[in-house]
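Scroll down for the structure; my scribbles are underneath it.
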Ligand code: TAP
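Numbering (this note's numbering), first residue to last: 589 to 1069.
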């Protein structure tokens, strides 16, 4: 039986868009060298004009961050810094609906996800790190770990506000100041966050936000006034940044791409596993670094799992991201849609069997129907490369050892999932999977106290938890590291 849903759109009235946004430097919005437009990927409507930061603007932002670091933030006691972080966390909660609607408008993700995942988790990161600010001496890094200085942070478009929180909260808690560059296609919630910093009376220059494209990011990471670079994005750009930072003395953490295996054993409850598979690859349109984009299913249950999966995919509702019933929103940009389309055609050309959910696609905007490929071999590009879209590649295995070998047969190592009733098998698998996070009988669960990061080409360094603090502290010379 199929239920018909009436439209349930979230109102846009809570968001006040400005026609034009400046750069956030030294606690104020200032003009920059040129401007660009940010659009809604669901309708292609122009939302606002945003400033492009050139090298001279990046210079000003770094100078503001240095001054704030030296005069205010690094000398402020941790308990005082913590109060600002608590204030920011509460303001994110107070303005949660506004942030969620704006995120959905600029990014294209369903409001259900920005409202229930992105924004609450962003607030949770500030709450969590606020608690650490006055306890760094008890975190096991020695009695007085020191901040690093000015941090340059570059983030992608898939979780704009959440990635900002992952970066800004620990940096500030540890006594650093930041210059952050959001992605070109999703700058608006970072600019609203700048307003929240003003509302929280955060001292000017502690957080600076420079909008722009890859060239702005390049100018930021190469700037000699930066002490540490924190980057989340593609492996390709991550490698470029690693080269740019080599021998500069800058500290570096890289959170890069992934091609996670979601491994389903024959004793797993099929309906629960199917929910996990759907959440693993279709959450946020598959624009997730740790997406379960390779399904490894035990051969004996392949047909049952695939039949249940296709049935479930047939019920996914694709469309207006602001509709509270929408499961799958818009692809973030035309460029990303072209990339997904190209990789899907290579899957077909290389002989894999494609099945896409029979959902109508809106006329305007960027859309891709949830898609699953069977008859995939490990050599196919769709099994090796990160698609970063709602596309699942299915492979089979017979034994746990074969599952481990296939799961680890990737240059990436960010996450993995295991579905089985047997606790011993979960532990056996977890100790052999080369992935930063292994989920058991669930997928895509995040918590600020849990470190997140990769192996191999998925990057290095951890974000979240006590491990994440270390990336923002100078712990050299501490006795009990
Ligand atoms: P990228 O193209 O790498 O862009 C990431 C950020 O870097 C953007 O702000 C981008 O600016 C900027 N950038 C581009 N070229 C640069 C350069 N040469 N120097 C410095 N900065 C530069 O990635 P994306 O397409 O936005 O994001 C998708 C990727 O992020 C996927 O591979 C995904 O797996 C990864 N990701 C990883 C994680 C974790 S935690 N591991 C989390 C989320 C996403 P523009 O936007 O202006 O191009």
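Cβ atoms here follow ideal geometry from the backbone N, Cα and C, with glycine treated the same way.
Residue span of the beta strand (DSSP E) that contains residue 624, given as start and end: 622–627
Restricting to Cα atoms, I'd like to know which of 893, 965, 946 and 1028 is closest to residue 1004. Comparing Cα-Cα distances from residue 1004 to each of 893, 965, 946 and 1028, the minimum goes to 1028.
Residue 1069 to residue 720 span [Cα, whole Å]: Because the pLDDT at residue 1069 is just 38, under 50, the model does not fix this residue reliably, and the value given afterwards should be weighed accordingly. Cα-Cα distance, rounded: 17 Å.
For residue 804, the nearest candidate out of 752, 1006 and 641 (CA to CA): For residue 804, the closest of 752, 1006 and 641 by C-alpha to C-alpha distance is 641.
Tell me which same chain residues have a C-beta within less than 7 Å of the C-beta of residue 666, skipping the five on either side of it? 721, 722 and 724
Nearest CA to the CA of residue 767: which residue from 643, 896, 1010 and 969? 643
Quick check: the Cα distance between residue 735 and residue 1061, rounded to an integer number of angstroms? 5 Å
Using DSSP with H/G/I as helix, E/B as strand and the rest coil, what is residue 949? coil
Go ahead and pull the three-state DSSP assignment for residue 966. In this structure, residue 966 counts as coil in the three-state DSSP scheme.
Report the residue ranges of all beta strand (DSSP E) runs contained in full by the segment 660–737; include only those spanning at least 3 residues, in chain order. None, since the segment 660–737 contains no complete beta strand (DSSP E) of that length.
Less than 7 Å between CB atoms is the rule here; does residue 776 satisfy it with respect to chain D? Reference to chain D is not applicable here, since this structure consists of a single protein chain.
Sorry if obvious, but does the Cβ on residue 801 come closer than 6 Å to a heavy atom of ligand 1? yes
Inter-residue spacing [alpha-carbon to alpha-carbon] between residue 798 and residue 915: C-alpha separation (whole angstroms): 32 Å.
Quick check: does the Cβ of residue 877 come within less than 6 Å of any heavy atom belonging to ligand 1? yes
List the endpoints of the continuous beta strand (DSSP E) containing residue 1027. 1025–1028
Can you find the residues in the same chain that come closer than 6 Å, C-beta to C-beta, to residue 1067, ignoring five residues on each side of it along the sequence? At residue 1067 the pLDDT is 46, less than 50, meaning the model places this residue with poor confidence; the figure from the coordinates comes in the next sentence. Same-chain partners within the cutoff: 730.
Where does residue 811 sit, in a helix, a strand or coil, going by DSSP? Residue 811 falls in the coil class under three-state DSSP.
Going by C-alpha to C-alpha distance, which of 866, 679, 726 and 623 sits closest to residue 707? 679
Span of the beta strand (DSSP E) holding residue 941? 941–944
To the nearest angstrom, report how far apart residue 639 and residue 959 are at their CA atoms. 37 Å
What is the DSSP secondary structure of residue 837, reduced to helix, strand or coil? Residue state, collapsed to three classes: coil.
Once DSSP output is grouped into helix, strand and coil, what is the label at residue 1055? helix
Starting from the Cα of residue 1058, find the closest Cα among 841, 935, 975 and 880 and give me that residue. The residue with the shortest Cα to Cα distance from residue 1058 is 841.
Per DSSP, which one or two residues make a beta bridge with residue 639? 623
First and last residue of the beta strand (DSSP E) that includes residue 882? 882–886
What are the start and end residues of each continuous alpha helix (DSSP H) run of 4 or more residues lying completely inside the segment 859–913, in chain order? Listed in chain order, they are 890–901.
Leaving aside the five residues before and after residue 954 along the sequence, list all residues of the same chain whose C-beta is less than 6 Å from its C-beta, in chain order. So the list reads 629, 918, 919, 922 and 925, once near-sequence residues are dropped.
Express the C-alpha separation of residue 618 and residue 1008 in angstroms, rounding to a whole number. 55 Å
How about residue 822: is its Cβ closer than 6 Å to a heavy atom in ligand 1? It does: the Cβ of residue 822 is within 6 Å (strictly closer) of some heavy atom of ligand 1.
With respect to the alpha helix (DSSP H) encompassing residue 928, which residues constitute its N-terminal and C-terminal limits? Start and end: 922–937.
Cα-Cα separation, residue 646 to residue 808: 6 Å
Give me the residue from 995, 610 and 693 with the minimum Cα distance to residue 774. 693
With DSSP as the reference, identify every bridge partner of residue 820, one or two as the case may be. 843
Between residue 806 and ligand 1, is the CB less than 6 Å from at least one heavy atom? yes
Examine ligand 1 and report whether any of its heavy atoms sits within less than 6 Å of the Cβ of residue 809. At least one heavy atom of ligand 1 lies less than 6 Å from the C-beta of residue 809.
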